[in-house]
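Residue numbers (the working numbering), protein chains in the order written: chain A, 83 to 276; chain B, 35 to 576.
Glycine included, every Cβ here is placed at the ideal spot set by N, Cα and C.
Please read all numbers here as calculations on a predicted model, not as lab measurements.
See below for the structure under consideration.
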Amino acid sequence: MKKDIILAGVGGQGILTIATIIGTAALIEGLQLKQAEVHGMSQRGGDVHSNLRISSNHIASDLIPEGKADLIISVEPMESLRYINMLNKKEGWLVTSMNPFVNIPNYPPIEDVLSTIWNVPRNVTIDAEKVAKEQGSIKAANIVALGAASPYMGLKYESLEVAIRTVFAKKGDDMINLNLKALAAGKNYAIKRT
Amino acid sequence: MQKLLLLGDEAIAQGAIDAGISGVYAYPGTPSTEITEYIQASKDAKERNIRSSWSANEKTAMESAIGMSYAGKKSLVCMKHVGLNVAADAFINSAITGANGGLVVLSADDPSMHSSQNEQDSRFYGKFSMIPIMEPSNQQEAYDMTRYAFDLSERFGTPVLIRVTTRLAHSRAGVECKEILDQNEINLPKNPKQFILLPSIARKQYNILLSKQPEFEADALNSGYNTYIDGTDKSIGIIACGLAYNYLMENYHDNEINFPVLKVGQYPIPKQLVNNLYESVDEILVLEDGYPIIEELLRGILNKGKKIRGRMDGSIPAAGELNPNIVASALHLNIESGHLTPDIVQGRPPSLCEGCSHTDTFTALNEAMLDYSPGRVFSDIGCYTLSALAPLESINSCVDMGASITMAIGAADAGLIPSVAAIGDSTFTHSGMTGLLDAVNTKSPITVVINDNSTTGMTGGQDSSALGKVEDICKGVGVEEEHIRIIKPLRRFHEENLRIIKEELEYKGVSVIIAKRECIQTLGRRMKLKSLQNREADTAKK
Chain A
83 MKKDIILAGV GGQGILTIAT IIGTAALIEG LQLKQAEVHG MSQRGGDVHS NLRISSNHIA
143 SDLIPEGKAD LIISVEPMES LRYINMLNKK EGWLVTSMNP FVNIPNYPPI EDVLSTIWNV
203 PRNVTIDAEK VAKEQGSIKA ANIVALGAAS PYMGLKYESL EVAIRTVFAK KGDDMINLNL
263 KALAAGKNYA IKRT
Chain B
35 MQKLLLLGDE AIAQGAIDAG ISGVYAYPGT PSTEITEYIQ ASKDAKERNI RSSWSANEKT
95 AMESAIGMSY AGKKSLVCMK HVGLNVAADA FINSAITGAN GGLVVLSADD PSMHSSQNEQ
155 DSRFYGKFSM IPIMEPSNQQ EAYDMTRYAF DLSERFGTPV LIRVTTRLAH SRAGVECKEI
215 LDQNEINLPK NPKQFILLPS IARKQYNILL SKQPEFEADA LNSGYNTYID GTDKSIGIIA
275 CGLAYNYLME NYHDNEINFP VLKVGQYPIP KQLVNNLYES VDEILVLEDG YPIIEELLRG
335 ILNKGKKIRG RMDGSIPAAG ELNPNIVASA LHLNIESGHL TPDIVQGRPP SLCEGCSHTD
395 TFTALNEAML DYSPGRVFSD IGCYTLSALA PLESINSCVD MGASITMAIG AADAGLIPSV
455 AAIGDSTFTH SGMTGLLDAV NTKSPITVVI NDNSTTGMTG GQDSSALGKV EDICKGVGVE
515 EEHIRIIKPL RRFHEENLRI IKEELEYKGV SVIIAKRECI QTLGRRMKLK SLQNREADTA
575 KK
């Protein structure tokens with residue numbers, strides 16, 4: 083088993099939380115893991131991404147080679163396209179939230195962004211904020227996106243649930259349940275759609 | 035033992051704790067910050083009373099660590115690559131004094147300049163000062179080598195440099211830890227003059243350092259951190275330093291590489307291993323994440339030997355960090371291409387946070403500067419450097435820590451009056467105070483805006499050495515009290531703040547405007563923590 087995942091978004095959107103959950107789930111399954119994160123300057127509202135590699139065998143590089151990622155999970159639509167060069171053209175999946183984060187004056191028309199995404203073979207777009215709101219809080223939008231990507235991750239869904247319980251343990255049961263619901267809602271949407 | 039999922043930085047921190055350090059000294063700097071933060075939060079470190087508060091700058095950190103080593107205990111110093119420039123005086127001389135208790139210096143380089151002003155390679159500093167260097171290729175090695183570096187330091191009585199780069203510092207993987215070693219007791223140097231670098235003693239000490247060089251090389255041959263892996267295809271031999279080894283192996287499934295490889299993790303590189311490789315292959319490819327330090331040594335000035343490939347002949351781009359595909363193309367391997375990035379993707383540069391005090395300060399400053407010709411605002415290193423970008427576009431320089439005040443002095447001397455310096459509170463106590471003293475002593479017609487947000491913001495909100503002290507420091511340095519003005523950067527005080535800035539710009543001497551309002555990020559975190567504590571207290575009552 084080997085999955086190379088690119089996580090993308092804007093600083094502060096919670097992509098490191100997604101990375102931690104996937105990483106924890108991978109450890110639960112006894113897999114090897116390397117996760118390159120972005121810290122520092124870019125976290126101030128700039129584009130951020132993380133390279134997450136999980137495998138049953140030894141992993142050499144912390145960085146995924148171009149054109150070899152199995153999956154892009156993005157919490158922002160334009161950001162999902164920034165690393166499209168990393169995606170495997172033959173098999174890779176692109177899963178992204180449809181909700182734009184507009185903090186630059188030249189943000190392109192959202193229709194154009196979405197139609198570009200819909201032209202990528204094997205894509206899932208989800209209104210993660212709406213789905214998260216239905217589950218109780220817009221703050222869980224990142225976990226909705228994670229749920230929507232869960233069928234393509236090569237990990238057991240139960241492992242992700244255990245990981246959410248672990249990662250949010252300190253924040254109390256309400257927070258755990260919200261995120262479990264968000265994860266499930268994201269997954270159900272992706273399964274129905276494809 | 036249980037595996038921990040650690041950043042490279044955290045693996046170094048845990049390695050140092052387990053090696054028995056008594057203290058870590060550091061100034062925050064990406065990508066090195068998480069080492070000290072990890073030790074500050076570590077239960078092991080707390081139980082063992084390991085000192086870990088932030089230092090005012092990298093030089094004070096380095097010197098304190100030398101002091102701890104003098105007293106016989108083990109100490110770690112951490113900084114980003116450019117921080118080693120600040121610490122260089124102490125660092126270079128620590129090689130001459132040698133170490134007593136284990137002394138390990140960690141420098142985190144930033145090739146590709148993700149969060150930096152240059153991509154200097156700290157290995158040059160290690161070579162320059164003639165001390166051993168460790169360069170881990172993965173998180174486990176980061177842990178193991180840190181432990182080993184302390185051992186090496188005490189065995190040879192020398193400081194040891196560990197060099198990492200951003201990718202390792204900020205990448206997570208499973209790390210297996212070993213038992214925690216005891217801290218040292220106080221034990222002063224056997225030679226009471228070892229640390230007195232008077233010329234007559236320094237000459238002796240320098241000769242001692244020179245005499246240790248063969249031992250350093252012998253250790254690098256035998257430690258197991260430099261390994262020669264033979265291969266059947268002798269058309270190319272590869273030297274892979276640190277992280278570059280991973281990018282190389284990424285291109286070969288199941289480690290099946292046919293070329294001989296010299297994996298380098300400890301310097302000085304043993305000549306014997308390099309010679310073995312050189313004699314058996316047709317040409318050599320050098321893979322280094324950073325400057326071509328080994329490549330240049332191998333080529334020499336005349337480059338008349340076998341073909342040496344790397345950054346200097348264009349096999350690898352001269353600038354920027356390595357990755358698997360750069361290595362693949364240097365080896366003429368097939369590269370998978372991905373989709374083309376669509377034109378619709380726009381750049382999204384970092385920006386000041388919503389509600390940041392700097393925005394209000396620079397909005398007022400911009401308006402005040404309209405009375406003068408443009409190009410007069412010298413800035414410094416911190417979040418407020420982002421005011422260089424649209425929409426504010428307030429500043430005209432950012433060179434190094436503290437350079438705002440001193441560049442303003444020089445520009446004013448050249449006739450650009452008034453000149454303005456914009457600096458943060460933490461940067462001010464790092465390297466701005468001495469510049470302000472220069473300004474006071476020469477009565478420079480400059481206005482210094484100190485953006486006091488009570489934290490070291492850019493690196494994530496570490497304690498600032500300046501906390502609650504900025505005004506007193508300015509007074510102490512000799513700035514006239516009536517020209518130390520405190521403003522609160524909020525939109526509703528804009529008119530008043532504008533008036534104060536204008537008044538001080540007109541003053542033909544040193545004036546300081548302290549724009550004081552807490553960082554919105556640390557404020558938010560404090561509030562969150564408070565409400566969490568209140569909630570816990572409520573639950574406890576029930």
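Problem set entry | Chain-ordered chain A contacts of Leu374/B [CB-CB under 9 Å] | Taking the beta carbon of Leu374/B as reference, the chain A residues within 9 Å of it are Ile166, Asn167, listed in sequence order.
Problem set entry | Those runs of the alpha helix (DSSP H) which lie wholly inside the segment 282-318 of chain B and span at least 4 residues | You should have 305-314.
Exercise. Would you say Ile521/B and Ile534/B are within 8 Å of each other, going by their C-beta atoms?
Worked result: Against a cut-off of 8 Å, the Cβ pair of Ile534/B and Ile521/B comes out as a contact.
Problem set entry | Proximity below 8 Å, CB of Ala254/B to CB of Tyr301/B | Taking 8 Å as the cut-off, the beta carbon of Ala254/B is found closer than this to the beta carbon of Tyr301/B.
For this session: Whole angstroms is fine: what's the gap from Ile270/B's alpha carbon to Val295/B's?
Result: Taking the straight line joining both Cα atoms gives about 9 Å.
Problem set entry | chain B contacts made by the segment 134-150 of chain A, where a contact means CB separation under 7 Å | Against chain B - using a Cβ distance shorter than 7 Å - the residues of the segment 134-150 of chain A are Ala142, Ser143, Asp144, Leu145, Pro147, Glu148, Gly149, Lys150.
Exercise. When the Cβ atoms of the segment 267-281 of chain B are set against those of the segment 322-341 of chain B, are three or more pairs found closer than 8 Å?
Worked result: Yes: at least three Cβ pairs fall under 8 Å.
Exercise. Are the C-beta atoms of Glu370/B and some chain A residue less than 8 Å apart?
Worked result: Interface annotation, Glu370/B: in contact with chain A, CB-CB separation under 8 Å.
For this session: Answer with buried or exposed for Leu374/B, where buried requires no fewer than 16 other C-beta atoms within 10 angstroms of its C-beta.
Result: By the 16-neighbour rule on beta-carbons within 10 angstroms, Leu374/B is exposed.
Exercise. Whose Cβ in chain A lies nearer than 8 Å to the Cβ of Gln380/B?
Worked result: Listed along the chain, the chain A residues whose CB falls inside 8 Å of the CB of Gln380/B are Met160, Ile186, Asn188, Tyr189, Pro190.
Problem set entry | Beta-carbon proximity list for Gly128/A, same chain, < 8 Å, skipping 5 on both sides | Around Gly128/A: Val92, Gly93.
Exercise. Residues in its own chain within less than 7 Å of Asp155/B by CB, not counting five upstream and five downstream?
Worked result: Take Asp155/B, set aside five residues on each side of it, and the residues of its chain with a beta-carbon closer than 7 Å to its own are Asp143, Gly324, Tyr325, Ile327, in chain order.
For this session: Put Cys417/B into one of helix, strand or coil per three-state DSSP.
Result: It is helical.
Exercise. So, using beta-carbon positions, are Ser150/B and Lys108/B closer together than 8 Å?
Worked result: Cβ distance not < 8 Å, so Ser150/B and Lys108/B don't count as in contact.
Exercise. Do you know how far the Cα of Glu175/B is from the Cα of Cys211/B?
Worked result: Using only the alpha carbons, I get a separation of about 11 Å.
For this session: For the beta strand (DSSP E) holding Tyr325/B, just list the boundary residues, first then last.
Result: Per DSSP, Tyr325/B is not a residue of any beta strand (DSSP E), being assigned neither H nor E.
Exercise. Around the C-beta of Asn568/B, are 16 or more other C-beta atoms found within 10 angstroms, so that it is buried, or is it exposed?
Worked result: Here Asn568/B is exposed, its C-beta having fewer than 16 other C-beta atoms within 10 Å.
Problem set entry | Partners in chain A for Met113/B, counting only beta-carbon separations shorter than 9 Å | Under the 9 Å cutoff, chain A gives no residues; its nearest Cβ is about 14 Å from Met113/B.
Problem set entry | Neighbourhood of Phe462/B by C-beta distance below 7 Å, restricted to the same chain and skipping five residues each side | Taking C-beta separations shorter than 7 Å and ignoring five residues to either side along the sequence, the partners of Phe462/B in its chain run Ile484, Ala500, Val504, following chain order.
Exercise. Ser163/B: which of Asn119/B, Tyr61/B, Ala456/B sits nearest, CA to CA?
Worked result: Ranking the options by Cα distance to Ser163/B, first place goes to Asn119/B.
Exercise. Taking just the CA atoms, how far does Val361/B sit from Lys268/B?
Worked result: Roughly 18 Å between the two C-alpha positions.
For this session: Answer yes or no: do Ser128/B and Ile167/B have a C-beta to C-beta separation smaller than 8 Å?
Result: Contact annotation: Ser128/B and Ile167/B have beta-carbon atoms that are not nearer than 8 Å.
Exercise. What does DSSP give as the partner residues of Gln114/A in its beta bridges?
Worked result: Under the DSSP definition of a beta bridge, Gln114/A partners with Ser137/A.
Exercise. What in chain B is Cβ-close to Thr207/A, meaning under 8 Å?
Worked result: Ordered by position in chain B, no residue passes the 8 Å Cβ test against Thr207/A, which lies about 15 Å from the chain.
For this session: Pair every Cβ in the segment 131-138 of chain B with every Cβ in the segment 232-247 of chain B, then say whether three or more of these pairs are closer than 8 Å.
Result: Yes: at least three Cβ pairs fall under 8 Å.
Problem set entry | Contact list for the segment 189-222 of chain B against chain A, Cβ threshold 9 Å | Result list: Thr200, Arg201, Leu202, Ala203, His204, Ser205, Arg206, Ala207, Gly208.
For this session: Kindly say whether Asp129/A, judged by its beta-carbon, lies nearer than 8 Å to any beta-carbon of chain B.
Result: Interface residue, yes.
For this session: Consult DSSP for Asn127/B and reduce its assignment to one of helix, strand or coil.
Result: The answer is helix: DSSP assigns Asn127/B an H, G or I state.
For this session: Would you please verify whether the beta carbon of Leu13/B is less than 8 Å from any beta carbon of chain A?
Result: The requested residue 13/B does not occur in the structure, where chain B is confined to residues 35 to 576.
For this session: Using alpha carbons as the reference points, say which of Val482/B, Arg345/B, Ile165/B, Gly136/B lies closest to Leu244/B.
Result: Closest by alpha carbon: Ile165/B.
Exercise. If you measure from the beta carbon of Cys275/B to each beta carbon in chain A, is any gap under 8 Å?
Worked result: Answer no: the Cβ-Cβ gap between Cys275/B and chain A never drops below 8 Å.
Exercise. Over what stretch of residues does the alpha helix (DSSP H) that includes Ile535/B continue unbroken?
Worked result: Note, Ile535/B: alpha helix (DSSP H), 528-540.
Problem set entry | CB contact below 8 Å: Ser349/B versus chain A | Output row for Ser349/B: interface = no.
Problem set entry | Closest residue to Asp194/A among Lys338/B, Pro479/B, Asp377/B (Cα-Cα distance) | The residue with the shortest Cα to Cα distance from Asp194/A is Asp377/B.
For this session: Have a look at Leu145/A and Asn133/A and give me their C-alpha separation to the nearest angstrom.
Result: Just so you know, the alpha carbons of Leu145/A and Asn133/A end up roughly 6 Å apart.
Problem set entry | Span of the alpha helix (DSSP H), counted from its first residue to its last, around Thr440/B | Unbroken alpha helix (DSSP H) run through Thr440/B: 437-447.
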